[in-house]
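Enquirer: Heads up, the working numbering is the position in the sequence shown plus 1, with the first residue counted as 1. A virtual CB, placed ideally from N, CA and C, is assigned to each residue, including glycine. All values reported here derive from a predicted model rather than from experimental measurement. Questions regarding the structure given below will be posed in turn.
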Amino acid sequence: MSDHEFGVNDDLSLPKATVQKIVSEILPPALGINFSKEARDLLIECCVEFITLISSEANDISEKDSKKTIACDHITKALDQLGFGDYVPAVIEAANEHKEVQKGREKKANKFEQSGMTLEELERLQQEQFAAAAARHT
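Below is the structure:
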């Protein structure tokens, strides 16, 4: 599978600091194992290739299903078809966790509506709370 087969863009990458953080959590410094920058860069290239492979397969599956949006089902089917079926339970668990986080965000977004207050009332309340906080710190 070549880069040309998937139309890979050389600009595609993952944040180096994030990858380094993940690696550091897996290989704590207390173990005395170092992870070179070259190894990190190679890991990033492998991850991008993996994501591209799964995305391409999932896209093919979604097109066969006459869908224009790749869904979780398409990802899990792609993993199965490409021989990565062992990852499916973890992917489903991560998707469910993501859905729960999204539900919490939606509830937070509706706080304004649920408050029953006008924008002016909320702004006045905010100013009062800022003033009270400032008074505590002076």
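Is the beta carbon of residue 28 less than 8 Å from the beta carbon of residue 49?
Expert: No, these two residues do not count as a Cβ contact at 8 Å.
Enquirer: Could you give the distance in angstroms between the alpha-carbon of residue 147 and the alpha-carbon of residue 47?
Expert: Residue 147 cannot be examined here, being either before or after the span of the chain that is shown, 2 to 139.
Enquirer: Enumerate in chain order the residues of its own chain whose CB-to-CB distance from residue 60 is below 7 Å, with the five nearest sequence positions on each side excluded.
Expert: Same-chain partners within the cutoff: 71.
Enquirer: Report back the beta-carbon spacing between residue 83 and residue 58 to the nearest angstrom; my notes put them in contact at under 8 Å.
Expert: About 6 Å separates the two Cβ atoms, so the contact holds.
Enquirer: Report the residue from 105, 88, 52 and 133 whose alpha carbon sits nearest the alpha carbon of residue 13.
Expert: Of the listed residues, the one whose Cα sits closest to residue 13 is 52.
Enquirer: Would you kindly work out how many angstroms separate the C-alpha atoms of residue 100 and residue 138, rounded to a whole number?
Expert: Roughly 40 Å separates the two Cα atoms.
Enquirer: Exposed or buried, which one is residue 19 when buried takes at least 16 other CB atoms within 10 Å?
Expert: Answer is exposed; the Cβ neighbour count stays below 16.
Enquirer: In this structure, does DSSP put residue 29 in helix, strand or coil?
Expert: In this structure, residue 29 counts as coil in the three-state DSSP scheme.
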